[in-house]
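Taking it in order: structure first as structure tokens, then the write-up.
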Amino acid sequence: GNSVTQMEGPVTLSEEAFLTINCTYTATGYPSLFWYVQYPGEGLQLLLKATKADDKGSNKGFEATYRKETTSFHLEKGSVQVSDSAVYFCALTVSGAGSYQLTFGKGTKLSVIP
Amino acid sequence: DSGVTQTPKHLITATGQRVTLRCSPRSGDLSVYWYQQSLDQGLQFLIQYYNGEERAKGNILERFSAQQFPDLHSELNLSSLELGDSALYFCASSGSTGGLQGYTFGSGTRLTVV
């Protein structure tokens, strides 16, 4: 089956620190990979995506590169802000009989302190 | 506003009762997905509908059912409720390209069973 493993949280960083959240996956078939972000009290928002190997997804200063050889999709940001405090979910989907259900990791809570 | 509307935002009910959660997808989206988010299980896929038809089923209990109506809104029915059903229930929608480009999530319904 499909599964996503991401680093356990919580992660606490000072403002302007470098962020890495690790994500690895197993998939039957060729997956598309995603990072979603959930701010307190809100639903999930798509942060970035990559649909094939070596693609780099980027948005709002966040980046992640689809690495097929290591089955990884690590999230990075060079300088975090307090407003980046949220829970981050790595996810994948593999097309199967027309269904694109997402398989999520357990989430990593990030807290950024001034 | 993501364009996906979920009602109600909060629901408190007693064990053994039945509730209905409603979701209106983003305009033009044909697929609706239901997810359950709990602290211990994370985000679990329940069921997907595409243009009124069930497309995929995940970890959905027999006490739960869903449907998608001709106007594309969807309802998730939860019956014989148990304490363990307390969770956040999210609806998401995607367009004709399916979930390969990611979903748009609603802000969720928080269900508390007492």
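Line by line, the protein sequences are chains A and B. Going by the numbering used here, the first sequence opens with residue 1, and the numbers climb by one from there. Going by the numbering used here, the second sequence opens with residue 1001, and the numbers climb by one from there. C-beta: ideal position from N, C-alpha, C; glycine also.
Asp-84 (chain A), buried or exposed, once every other Cβ within 10 Å from all chains shown has been counted against 16: Asp-84 (chain A) should be labelled buried.
Tyr-1049 (chain B) vs Ser-1074 (chain B) beta-carbon contact at 7 Å: Between Tyr-1049 (chain B) and Ser-1074 (chain B), the CB-CB gap stays under 7 Å.
Three or more C-beta pairs below 8 Å linking the region 1103-1112 of chain B and the region 1004-1012 of chain B: Contact between the region 1103-1112 of chain B and the region 1004-1012 of chain B is present: 3 or more CB-CB pairs across the two stretches fall below 8 Å.
Cβ of Ser-947 (chain B) within 7 Å of any chain A Cβ: In the structure displayed, chain B extends from 1001 to 1114; residue 947 (chain B) sits before or after that span and is not available.
Distance between Leu-44 (chain A) and Gln-101 (chain A) (C-alpha atoms, nearest Å): If you take the alpha carbons of Gln-101 (chain A) and Leu-44 (chain A), they lie about 15 Å apart.
Cβ neighbours of Gly-1016 (chain B) in the same chain (closer than 7 Å, five flanking residues each side left out): So the list reads Ser-1080, Leu-1081, once near-sequence residues are dropped.
Same chain only: Cβ atoms within 7 Å of Gly-1003 (chain B), ignoring 5 sequence neighbours per side: Spatial neighbours of Gly-1003 (chain B) in its own chain (CB-CB distance under 7 Å, excluding positions within 5 residues in sequence) are listed in chain order as Arg-1026, Ser-1027, Thr-1104.
The region 1033-1046 of chain B: positions lying closer than 7 Å to chain A by Cβ: Flagged, chain order: Tyr-1033, Gly-1042, Leu-1043, Phe-1045.
Whole-angstrom distance between Gln-1036 (chain B) and Leu-33 (chain A), CA atom to CA atom: Using only the alpha carbons, I get a separation of about 20 Å.
Nearest to Glu-42 (chain A) (by Cα), restricted to the options B:Ile-1060, B:Leu-1021, B:Phe-1090, B:Gln-1101: Ranked by Cα distance from Glu-42 (chain A), the first of B:Ile-1060, B:Leu-1021, B:Phe-1090, B:Gln-1101 is B:Phe-1090.
Alpha carbon of Gly-1052 (chain B) to alpha carbon of Leu-1061 (chain B), nearest angstrom: Going by the C-alpha atoms only, they are around 20 Å apart.
Contact set between the region 31-44 of chain A and chain B, restricted to residues whose Cβ is under 9 Å from the partner: Hits within the stretch, in order: Ser-32, Phe-34, Tyr-36, Gln-38, Gly-41, Glu-42, Gly-43, Leu-44.
Buried versus exposed, by CB contacts within 10 Å (16 or more), Arg-1063 (chain B): So Arg-1063 (chain B) counts as exposed.
Contact list for Ala-1056 (chain B) against chain A, beta-carbon separation under 7 Å: Simply Ser-99, Gln-101.
Pairwise C-alpha distance: Lys-56 (chain A) and Ser-72 (chain A): Lys-56 (chain A) has its alpha-carbon roughly 12 Å from the corresponding atom of Ser-72 (chain A).
Within chain A, the residues that Gly-1108 (chain B) reaches when beta carbons sit closer than 7 Å: Within 7 Å Cβ-Cβ: Gly-43.
is_contact[Phe-1105 (chain B), chain A] using C-beta, thresh 7 Å: Output row for Phe-1105 (chain B): interface = yes.
Within the region 46-106 of chain A, ranges of the beta strand (DSSP E) (whole runs, at least 3 residues): The region 46-106 of chain A contains these whole beta strand (DSSP E) runs: 56-59, 62-65, 75-77, 86-93.
Spatially closest choice to Lys-106 (chain A) from B:Asp-1085, B:Lys-1057, B:Leu-1039, B:Leu-1046, by CA coordinates: If we check each option's Cα against that of Lys-106 (chain A), B:Leu-1039 comes out closest.
Listed by chain order, chain B residues near Gly-107 (chain A) by CB distance under 8 Å: Close to Gly-107 (chain A), with beta-carbon spacing below 8 Å, are these residues of chain B in chain order: Gly-1042, Leu-1043.
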